Amino acid sequence: MSDIPVTERLKALRNRARVTMAEAAQALGYKTASGYQHYEDPKKFLQKYLPHEIIEKLVPLFVGRGEPPITNEEIWNLGGRRTEGTPPIIIPASQTALDRLIPIYAAAQGGEGHLIIDHTPIDQLPGPEELRHVKDPYGILIVGESMVPAYRPGDIAWINPRKLPERDTDVVLYHVPPFGEAEAIIKTLVSWSPQEWKLRQYQPPRDFIESIIDWPICHRIVGKKNAR
1 MSDIPVTERL
11 KALRNRARVT
21 MAEAAQALGY
31 KTASGYQHYE
41 DPKKFLQKYL
51 PHEIIEKLVP
61 LFVGRGEPPI
71 TNEEIWNLGG
81 RRTEGTPPII
91 IPASQTALDR
101 LIPIYAAAQG
111 GEGHLIIDHT
121 PIDQLPGPEE
131 LRHVKDPYGI
141 LIVGESMVPA
151 YRPGDIAWIN
161 PRKLPERDTD
171 VVLYHVPPFG
181 EAEAIIKTLV
191 SWSPQEWKLR
201 QYQPPRDFIE
211 SIIDWPICHR
221 IVGKKNAR
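Below, the structure is given as structure tokens:
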């Protein structure tokens, strides 16, 4: 399981779902937001996982909301393991085919270290094994040299939009939901807090901070296809 505190993961999911503390409190049967608030306070909620009875009440409030839509599995992961009564995730047969093709999107440079990604496929290619059972995976054709040698122009970065962020992994951050043309940045995620991302690039080498309010959508890079 993730080493990120459950209070932080819960808050990230609630923000992604655009649910207020008052709405979450109501779902749990509290009259005020303070009844729910302690579940997001690491100084007050010291358990490693959320009680399953709490998760059961949050599932209908969170699942299907946000971008990408929050899954049943993401909520139940806050409890450390799936309960016996939790419905299984069913993978459509079309997603388990060995020859599944994944859409590739083009990127253009949109300022220093920024990209403009057009979410209209320019190609389709077989993806890595890790993406076989993932919903809505995609690839980005890399431009620019800010991430050399990790990613060079012409490489394809494979994206799992359902995977939660982790420290020291590569990510794509978006200003707005990635439909049509969307501004993005591809960097290494050093760490984050509820307010900001700490990012790293290699050319020129630097670490810097971006606001989560400005870049609220984070998709994980899980591999690449070298251009040569």
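In case it helps, UniProt numbering puts the sequence shown at residues 1 to 228. From the three backbone atoms N, C-alpha and C, an ideal C-beta is built for every residue, glycine too. Because the structure is a prediction, the values reported are computed rather than measured.
Which two residues bound the contiguous alpha helix (DSSP H) that contains A27?
Numbered from 1 along the sequence shown, position 27 holds the residue referred to as residue 27. Counting along the chain, the alpha helix (DSSP H) containing A27 begins and ends at M21 to L28.
Close Cβ partners of G29 (< 6 Å) along its chain, the five nearest in sequence each way excluded:
On the sequence shown, residue 29 is found 29 positions in, with the first residue counted as 1. Nothing listed; no residue qualifies.
Is V176 closer than 8 Å to I221 when the C-beta atoms are compared?
Translated into positions along the sequence shown, residue 221 becomes position 221. Translated into positions along the sequence shown, residue 176 becomes position 176. No, these two residues do not count as a Cβ contact at 8 Å.
Would DSSP call G223 helix, strand or coil?
Here residue 223 refers to the residue found at position 223 when the sequence shown is read from its first residue. Of the three classes helix, strand and coil, the one that applies to G223 here is strand, per DSSP.
For T7, does the count of other Cβ atoms within 10 angstroms reach 16, so buried, or fall short, so exposed?
Taking the first residue of the sequence shown as position 1, residue 7 is located at position 7. T7 is buried by the Cβ-count criterion.
Which first and last residues belong to the beta strand (DSSP E) in which L173 is found?
Locating residue 173 in the sequence shown gives position 173, where the first residue counts as 1. Residues T169 to Y174.
Answer yes or no: do K139 and G154 have a C-beta to C-beta separation smaller than 8 Å?
Against the sequence shown, residue 139 aligns to sequence position 139. Against the sequence shown, residue 154 aligns to sequence position 154. At residue 139 the sequence reads Gly, which differs from the Lys that was named. Result no, Cβ atoms of G139 and G154 do not sit closer than 8 Å.
Look up L46 in the DSSP assignment and say whether it is helix, strand or coil.
Taking the sequence shown and counting its residues from 1, the one referred to as residue 46 is at position 46. It is coil, neither helix nor strand.
Tell whether a beta-carbon distance below 8 Å holds between Q124 and I156.
As a working mapping, residue 124 is identified with position 124 in the sequence shown. As a working mapping, residue 156 is identified with position 156 in the sequence shown. Taking 8 Å as the Cβ cut-off, Q124 and I156 do not qualify as a contacting pair.
Assuming A25 and A33 are in contact, meaning their beta carbons sit under 8 Å apart, how far apart are those beta carbons, in whole angstroms?
In the sequence shown, counting from the first residue as 1, residue 25 sits at position 25. In the sequence shown, counting from the first residue as 1, residue 33 sits at position 33. Contact flag correct, Cβ pair sits at about 5 Å.
Classify I142 as helix, strand or coil using the three-state DSSP reduction.
Along the sequence shown, one-based indexing puts residue 142 at 142. Correct three-state label for I142: coil.
Straight-line gap, I4 to R132 (C-alpha atoms, nearest Å)
As a working mapping, residue 4 is identified with position 4 in the sequence shown. As a working mapping, residue 132 is identified with position 132 in the sequence shown. Taking the straight line joining both Cα atoms gives about 26 Å.
Quick one: what does DSSP say W76 is sitting in, helix, strand or coil?
In the sequence shown, residue 76 corresponds to position 76, counting from 1. It is helical.
Segment limits, beta strand (DSSP E) that includes P205
Here the question's residue 205 lines up with position 205 in the sequence shown. P205 to S211 is the span of the beta strand (DSSP E), which, as asked, contains P205.
Suppose the cutoff is 6 Å on Cβ atoms and the five residues either side in sequence are ignored; what does the same chain contact list for E145 look like?
Counting from one through the sequence shown, the residue named residue 145 turns up at place 145. Here the set comprises Q203.
Taking only the alpha-carbon atoms, compute the straight-line gap between F179 and W215 and give it to the nearest angstrom.
As a first step, residue 179 must be located in the sequence shown, where it is residue number 179. As a first step, residue 215 must be located in the sequence shown, where it is residue number 215. Taking the straight line joining both Cα atoms gives about 15 Å.
If you compare alpha carbons, which of Q109, R152 and F45 is closest to N226?
Within the sequence shown, numbered from 1, the residue matching residue 226 stands at position 226. Considering only alpha carbons, the answer is R152.
Using a threshold of 8 Å, state whether the C-beta atoms of Q109 and V63 are closer than that.
By one-based count along the sequence shown, residue 109 stands at place 109. By one-based count along the sequence shown, residue 63 stands at place 63. Going by C-beta atoms, Q109 is not nearer than 8 Å to V63.
Cα separation between L61 and E74?
The count along the sequence shown starts at 1 and reaches residue 61 at position 61. The count along the sequence shown starts at 1 and reaches residue 74 at position 74. Approximately 13 Å, taken between the alpha carbons.
Which class does I4 belong to by DSSP, given the choice of helix, strand or coil?
Translated into the one-based positions of the sequence shown, residue 4 becomes position 4. The answer is coil: DSSP assigns I4 none of H, G, I, E or B.
For the alpha helix (DSSP H) containing H52, name the first residue and the last one.
Taking the first residue of the sequence shown as position 1, residue 52 is located at position 52. That run of the alpha helix (DSSP H) goes H52 to F62.
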